[in-house]
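Below is one structure, written out as structure tokens, with a few remarks after it.
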Amino acid sequence: MYSFKNKGGSAMRYNLFAGVVFAAAMFLIPLMALNEGIWEQAGATPTSSAPPKAPDMQAADMQAPESESSQAAKQEGLQTPVAQVDDSGFRILDERTGKVFEVSAQDYVRGALAAEMPPTFHPEALKAQAVAAHTYALNLKQSRRAAEEPDPALKGADFTADPADWKTYTTKELFYERYGTLADAWWKTICEAADAACPYIMLYDDEPIVAAYHSMSSGTTEDASNVWLSGVPYLVPVDSFGDTLAPDYTTTETFTAEQVRQALMDGCPDVALGDDPSSWLTVEERSPSGYVTELSAGGQTISGADLRGMLGLRSSDFSIACDGTSFTFTVNGYGHGVGLSQYGADYMARQGATFDEILSHYYKGAQLAVVKGQSGT
């Protein structure tokens, strides 16, 4: 899903495939909305063979709670359910070359994990990320192959990727080019986590979920309905305290008044801006998670996500200060804030949480399942 597109700490750039629909259209998150960045990652584009530094979080005062599903399974001796899905592999359209290539499920999960999360993150966080990537790919595959009118732009593929840009998926060869002398050890780390997680996906109502994820939240994840046009029961706000301890959790960005004027005019042509820049932007509403959901911009109402896109802000949890000639944005977190937080997952893992507990925490009410044909099923 991504291409480590970054500035300092980098947020994942998301491919995001043309659209996502559930086979049973119970929960409609509009295709184009989901296409706009459901995947946002923790890693940055390295400028050398050195990888992004994993957070050093050891706050002993927060122990990751055991998930309800894990407790129930232990108490009742329940077996993990079996997912009845076609996991024979994926057809991927290379955005750079325009060619469609096929990969096995195992190779996809390895390549997706390598592209999505630094190998220095905790193994249980890596496993959780691998399950999320696998689940979302299966969701797309099922939706695309069941479509009555396939998207001709996909050329028969399940989704798109740009391996050379580490967007959604990358290859072992490209991984070795990037990490040099560290590649052997880190590729082994990626493969061990991916292979351990490959048999599992997350289900809701017996269907693979829309497994959204992002780099780091505001400290509480966001409700999907505040980011896209509608929500789903498992993409709701949850505590993600570890994000507040992550590197570059709070950042500031400064723009000249002219830069902000131009961005607003380009993104919202009907906006009417006066001579006083301090009157241009007013935060009107925030979600319970802290993200800006509504702003007044020169007489127009826009969302925090809209302004984030116009200015390239790290997230829509921001505050604004204007001195008359420039605007300073203080921003918390990185990404849209929906679903699994990668830094939050890493923090939970370092407190002792297992990958299934992490997944159950971030995808409320969704269930871990074994893919039929894997792990002896």
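Take the sequence shown: its position 19, counted from the start at 1, is 19 in UniProt numbering, and no numbers get skipped.
Where a beta carbon is used, it is the ideal one built from N, C-alpha and C, also for glycine.
### Message
Quick check on the DSSP output: what are the complete beta strand (DSSP E) runs of length 3 or more inside the segment 91-146, in order along the chain?
### Response
100-103
### Message
My output table needs one value for leucine 31: the three-state DSSP class, helix, strand or coil.
### Response
Locating residue 31 in the sequence shown gives position 31, counting from the first residue. Residue placement at leucine 31 is flagged as unreliable, the pLDDT there being 31, under the threshold of 50; the coordinate-derived value follows with that caveat. DSSP places leucine 31 in helix when its eight states are reduced to three.
### Of the residues Val232, Val85, Asp248, Ala185, the one placed nearest alanine 114, counting alpha carbons only
In the sequence shown, the residue the question calls residue 114 occupies position 114. Ranking Val232, Val85, Asp248, Ala185 by Cα distance to alanine 114 puts Ala185 first.
#### Entry: Through-space distance from tyrosine 362 to phenylalanine 241, alpha-carbon basis
Indexing the sequence shown from 1 puts residue 241 at position 241. Indexing the sequence shown from 1 puts residue 362 at position 362. Those two C-alpha atoms are separated by around 12 Å.
### Message
So, at 7 Å on beta carbons, what are the nonlocal neighbours of threonine 170 in its own chain, with the 5 sequence-adjacent residues on each side left out?
### Response
By 1-based counting over the sequence shown, the position of residue 170 is 170. The residues are Gly111, Ala114, Ala115, Pro163.
### Message
Tell me whether aspartate 205, by its Cβ, gets closer than 8 Å to a heavy atom of the ligand MN.
### Response
Ligands in the displayed structure: none, and consequently the ligand MN is not present.
### Message
Mapping the DSSP letters down to three states, classify isoleucine 302 as helix, strand or coil.
### Response
As a working note, residue 302 is residue 302 in the sequence shown. Strand, per DSSP.
#### Entry: Start and end residues, beta strand (DSSP E) containing alanine 321
Working through the sequence shown from its first residue, we reach residue 321 at position 321. 318-322 is the extent of the beta strand (DSSP E) around alanine 321.
### Query
How would you label proline 288, buried or exposed, when you count the other beta carbons within 10 angstroms and need 16 or more for buried?
Counting from one through the sequence shown, the residue named residue 288 turns up at place 288. The residue is exposed, with fewer than 16 neighbouring Cβ atoms inside 10 Å.
### Task
Round the Cβ separation of alanine 369 and threonine 80 to the nearest angstrom and send it over; I've been treating them as touching at under 8 Å.
The residue labelled residue 369 in the question sits at position 369 within the sequence shown. The residue labelled residue 80 in the question sits at position 80 within the sequence shown. Between threonine 80 and alanine 369 the Cβ distance is about 6 Å, and since that is below 8 Å, they are a contact.
#### Entry: Bridge partners - glutamine 84, DSSP secondary structure assignment
Here residue 84 corresponds to residue number 84 of the sequence shown, with the count starting at 1. According to DSSP, which records beta bridges pairwise, glutamine 84 is partnered with nothing at all.
### Task
Compare the beta carbon distance of glycine 309 and tyrosine 204 with 9 Å and say whether it is the shorter of the two.
Numbered from 1 along the sequence shown, position 309 holds the residue referred to as residue 309. Numbered from 1 along the sequence shown, position 204 holds the residue referred to as residue 204. No, the Cβ-Cβ distance between glycine 309 and tyrosine 204 is not below 9 Å.
### Task
Buried or exposed for serine 218, please, with buried defined as at least 16 other CB atoms from any protein chain shown within 10 angstroms of its CB.
In the sequence shown, residue 218 corresponds to position 218, counting from 1. Under this definition serine 218 is a buried residue.
### Task
Figure out for me which residue from Tyr213, Gln259, Thr254, Pro208 has the closest Cα to the Cα of proline 237.
Translated into the one-based positions of the sequence shown, residue 237 becomes position 237. When only C-alpha atoms are compared, the closest one is Tyr213.
### Outcome for glutamine 262 when other beta-carbon atoms lying within 10 angstroms are tallied against a minimum of 16
For this step, residue 262 is matched to residue 262 along the sequence shown. Classification of glutamine 262: exposed, given that the 10 Å Cβ count is below 16.
### Query
What are the boundary residues of the alpha helix (DSSP H) that includes isoleucine 190?
In the sequence shown, the residue the question calls residue 190 occupies position 190. It spans 183-197 - the alpha helix (DSSP H) in which isoleucine 190 sits, taken as one unbroken run.
### Task
Pair every Cβ in the segment 332-343 with every Cβ in the segment 242-255, then say whether three or more of these pairs are closer than 8 Å.
yes
### Supposed close pair arginine 314, glycine 333 - CB separation, criterion 8 Å
Within the sequence shown, the letter at position 314 stands for residue 314. Within the sequence shown, the letter at position 333 stands for residue 333. At roughly 7 Å, the Cβ-Cβ gap stays under 8 Å, so arginine 314 and glycine 333 are in contact.
### Under the three-state DSSP convention, the category lysine 155 falls into
Taking the sequence shown and counting its residues from 1, one reaches residue 155 at position 155. DSSP places lysine 155 in coil when its eight states are reduced to three.
### Task
Would you grab the beta carbon distance between leucine 140 and isoleucine 201 for me? Rounded to a whole angstrom, and I think it's under 8 Å.
Numbered from 1 along the sequence shown, position 140 holds the residue referred to as residue 140. Numbered from 1 along the sequence shown, position 201 holds the residue referred to as residue 201. Incorrect: roughly 12 Å between the Cβ atoms, too far for contact.
### Query
Can the beta-carbon of alanine 197 be found closer than 9 Å to that of leucine 264?
Counting from 1 along the sequence shown, the entry for residue 197 is found at position 197. Counting from 1 along the sequence shown, the entry for residue 264 is found at position 264. Not a contact, by the Cβ cut-off of 9 Å.
### Task
Take valine 131 as the anchor and find which of Trp166, Ile190, Arg178 has the nearest alpha-carbon.
Numbered from its first residue, the sequence shown carries residue 131 at position 131. Looking at the Cα atoms, Ile190 is the closest of the given residues.
### Task
Out of Leu281, Val85, Pro152, Val232, point me to the one whose CA is closest to valine 100's CA.
To locate residue 100, count along the sequence shown from 1; it is residue 100. Considering only alpha carbons, the answer is Pro152.
### Task
Give the DSSP-derived three-state secondary structure of tyrosine 234 in the structure shown.
The count along the sequence shown starts at 1 and reaches residue 234 at position 234. It is coil, neither helix nor strand.
### Nearest neighbour of valine 103, chosen from Arg96, Asp87, Pro118, Glu95 [CA to CA]
As a position in the sequence shown, residue 103 is number 103, starting the count at 1. If we check each option's Cα against that of valine 103, Asp87 comes out closest.
### Task
Give the C-beta separation of threonine 251 and threonine 328 to the nearest angstrom, bearing in mind that I take them to be a contact with Cβ-Cβ under 8 Å.
By one-based count along the sequence shown, residue 251 stands at place 251. By one-based count along the sequence shown, residue 328 stands at place 328. Not a contact, Cβ separation roughly 11 Å.
### Per-residue burial, lysine 167 [other beta carbons within 10 Å of its own, 16 or more giving buried]
Start at 1 with the first residue of the sequence shown, and residue 167 comes out as number 167. That one is buried.
### Query
Leaving out the 5 sequence neighbours to the left and right, which residues in its chain are closer than 7 Å to threonine 293 when beta-carbon positions are compared?
Sequence index remark: in the sequence shown, residue 293 carries index 293 (1-based). Asn226, Glu285, Arg286, Ser287, Ser303, Gly304, listed in sequence order.
### Message
Checking the sheet assignment: what are the DSSP bridge partners for threonine 254?
### Response
What you label residue 254 is simply residue 254 of the sequence shown in a count that begins at 1. Its beta-bridge partners are Thr328.
### Task
Could you say which of Asp275, Phe255, Thr301 lies nearest to cysteine 268 if we only look at CA atoms?
Along the sequence shown, one-based indexing puts residue 268 at 268. The candidate whose alpha carbon is nearest that of cysteine 268 is Thr301.
### Task
Take aspartate 266 and list the residues in its own chain whose beta-carbon comes closer than 8 Å to its own, dropping the five residues that flank it on each side.
Here residue 266 refers to the residue found at position 266 when the sequence shown is read from its first residue. These residues qualify, in order along the chain: Met310.
### Message
Using only the alpha-carbon positions, how far apart do valine 85 and glutamine 142 sit?
### Response
Residue numbering aside, residue 85 sits at position 85 when the sequence shown is read from its first letter. Residue numbering aside, residue 142 sits at position 142 when the sequence shown is read from its first letter. When rounded, the distance between both Cα atoms is 8 Å.
### Task
State the DSSP-derived secondary structure class of proline 288, mapped to helix, strand or coil.
For the purposes of this step, residue 288 is taken as residue 288 along the sequence shown, with counting starting at 1. In the structure shown, proline 288 sits in coil (DSSP, three-state: anything other than H, G, I, E or B).
### Query
Could you give the distance in angstroms between the alpha-carbon of glutamate 357 and the alpha-carbon of proline 150?
Your numbering for residue 357 matches position 357 in the sequence shown. Your numbering for residue 150 matches position 150 in the sequence shown. The straight-line gap from Cα to Cα measures roughly 36 Å.
### Task
Taking all protein chains shown into account, decide if leucine 295 is buried (16 or more other Cβ within 10 angstroms of its Cβ) or exposed.
Numbered from its first residue, the sequence shown carries residue 295 at position 295. Buried is the call here.
### Task
Determine the direct distance from the alpha carbon of glycine 324 to that of glutamate 207, and round the result to whole angstroms.
The count along the sequence shown starts at 1 and reaches residue 207 at position 207. The count along the sequence shown starts at 1 and reaches residue 324 at position 324. The straight-line gap from Cα to Cα measures roughly 52 Å.
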